[in-house]
Every structure is written in C-alpha cells, then in structure tokens.
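Below is one structure; the comments refer to it alone.
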Amino acid sequence: MRYLLTIHNLKEIMNLYTESLIRLAYYYVKDRQVAEDIVQEVFIKIYHHPDKYEERGQLQAYLYKMTANKSKDYLRSWSYKKVQLQNKIFPSTSKMEPDELVRKDEEAIVAEAILELPLKQREVLIYFYFNEMNIKDIASILFIPESTVKTRLRRGKELLKNKLKDIQWEVLLNE
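Residue numbers for the sequence shown follow my numbering, beginning at 106 and rising by one.
Right, here's the structure in full:
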C-alpha cells in the first residue's frame, strides 16, 4: 500500500520529527548547520519522491534510516574531508560553544562523551538511548544482525564508562 503524501501530511511529519532528526544527524556529523541541512534534504527527498515510501512499517524508522544514511554520506563526502583538513591546517583559536540543542538536553555531559566514540558504537547508543529503539529495530535500520547490535551496544557502554569515570558529577548535583 502506498502512502499518500500531501503538503498537509508533510508539514505534520516535519513538526513531529524535525528536532529528533536534527539531533540524530548532529550526533553523526557534530555540526548543527550540517545536521539541519541533512534533515532538510531528507524532507525535500520525501516531498519530491513521495512514492518511494511504502507503508510497511513505522514512518519514524524510515526517516531515521534516511537521516542516518545522508549523515554517513556526508561523512564520506569531499566537503567533509576538506573541512577536516582545513581544521587541521588552520586550527580555530576561539572556543566553540556547545550546540544549543545538546546543551538543553539533560544528558549533555553524556552526549558529548558519546560524540567522541567511534561511529559504530555511537550510532547504536544513540538509537538505543536517545531514540528509545529496541535492538531488533536498530538491527533493521543498520542492516546488521541483532547480535552485532548487542555487541556494539556493550562495547559502546564500556567505552562510555571509561570516558566518564573521571568526570566530577558534583556539577550536576548543584543544578
């Protein structure tokens, strides 16, 4: 069964999912503007090709998969590699403020630590904890076996625990 997409439906979809999709893309690319561009591309693609989505499962999972794929494409792109090279050659002297969306999040310290993890562990942790997806759904989005998801989740938790062991959590208690 095909999903009939109208302008009204697209606006509803955008209102429902934009923030979580930007957050997801941000966790991949670590740049707010690029994350917003990626989500915009996802919605443009849905608008121009509404026939690509078949009502076989959750729209949310479909949008997450598209966003993750576009984010991965960006990380493989020449423009990303060029920015990385420029940052190595001309390091920024100003300290960048953390992204507002992440700062508002209650788990800002944990989120920053997750951003430092390797992509394979990072994406599984993001889907599991921030998007509250189960192992089966994560496996279907990433096209990997459930056992691989469990392994990456366990390894990601271990890496995260090591990163966070020296954090002084008193800062969180004073808020």
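Each residue gets a CB set at the ideal place from its N, CA and C atoms; glycine is no exception. None of these values were measured; they are calculated from a predicted model.
- Task: Please classify HIS154: does DSSP put it in a helix, a strand, or coil?
- Result: For the purposes of this step, residue 154 is taken as the residue at position 49 of the sequence shown. HIS154 falls in the coil class under three-state DSSP.
Exercise for review: Return the Cβ separation of THR123 and VAL139 in integer angstroms, given the expectation that the two are a contact with Cβ distance under 8 Å.
Suggested key: Within the sequence shown, residue 123 is the residue found at index 18, counting from 1. Within the sequence shown, residue 139 is the residue found at index 34, counting from 1. Not quite, the Cβ-Cβ distance comes to about 15 Å (not below 8 Å), so this is no contact.
Going by DSSP in three states, SER125 sits in which element: helix, strand or coil? Position 20 of the sequence shown, counting from 1, holds the residue named residue 125. Note: SER125 maps to helix in three-state DSSP.
Quiz item: Run through DSSP, which three-state label would PHE148 get?
Solution: By 1-based counting over the sequence shown, the position of residue 148 is 43. Looking at PHE148 - three-state DSSP - the assignment turns out to be helix.
Assigned exposure category for TYR132 - 16 Cβ within 10 Å defines buried: Here residue 132 refers to the residue found at position 27 of the sequence shown. It counts as buried.
Compute the beta-carbon to beta-carbon distance between ILE249 and LYS170, rounded to the nearest angstrom, for a pair I have assumed lies under 8 Å.
The residue given as residue 249 occupies position 144 in the sequence shown. The residue given as residue 170 occupies position 65 in the sequence shown. With a Cβ gap of about 13 Å, ILE249 and LYS170 do not count as contacting.
| task | Tell me whether LEU247 sits in a helix, a strand or coil according to DSSP, three-state version. | result | Along the sequence shown, read from residue 1 onward, the residue named residue 247 stands at position 142. Helix at LEU247.
Using a Cβ-Cβ cutoff of less than 7 Å, which residues in the same chain neighbour LEU168 once the five nearest sequence positions on both sides are dropped?
As a working mapping, residue 168 is identified with position 63 in the sequence shown. Excluding positions up to five away in sequence, the list reads TYR122, LEU126, VAL147.
Original post:
Mapping DSSP to helix, strand and coil, what is SER182?
Top reply: As a working note, residue 182 is residue 77 in the sequence shown. SER182: coil per DSSP, three-state reduction.
Q) How is LYS270 classed by DSSP in three states: helix, strand or coil? A) Position 165 of the sequence shown, counting from 1, holds the residue named residue 270. Reduced to three states, the DSSP call for LYS270 is coil.
Alpha carbon of ARG137 to alpha carbon of LEU258, nearest angstrom:
The residue given as residue 137 occupies position 32 in the sequence shown. The residue given as residue 258 occupies position 153 in the sequence shown. Going from the Cα of ARG137 to the Cα of LEU258 covers about 25 Å.
Whether ILE265 touches LEU220 by CB criterion (8 Å): Locating residue 265 in the sequence shown gives position 160, counting from the first residue. Locating residue 220 in the sequence shown gives position 115, counting from the first residue. The question names Ile, but residue 265 is Leu in the sequence shown. No, the pair does not count as a contact, with Cβ atoms beyond the cut-off.
* Asked: By DSSP, does MET119 sit in helix, in strand, or in coil?
  -> For this step, residue 119 is matched to residue 14 along the sequence shown. MET119 falls in the helix class under three-state DSSP.
Give the list of continuous beta strand (DSSP E) stretches no shorter than 3 residues that lie fully inside the region 209-242.
none
TODO: Assign LYS175 to one of three DSSP states: helix, strand, or coil.
DONE: One-based indexing of the sequence shown puts residue 175 at position 70. Correct three-state label for LYS175: helix.
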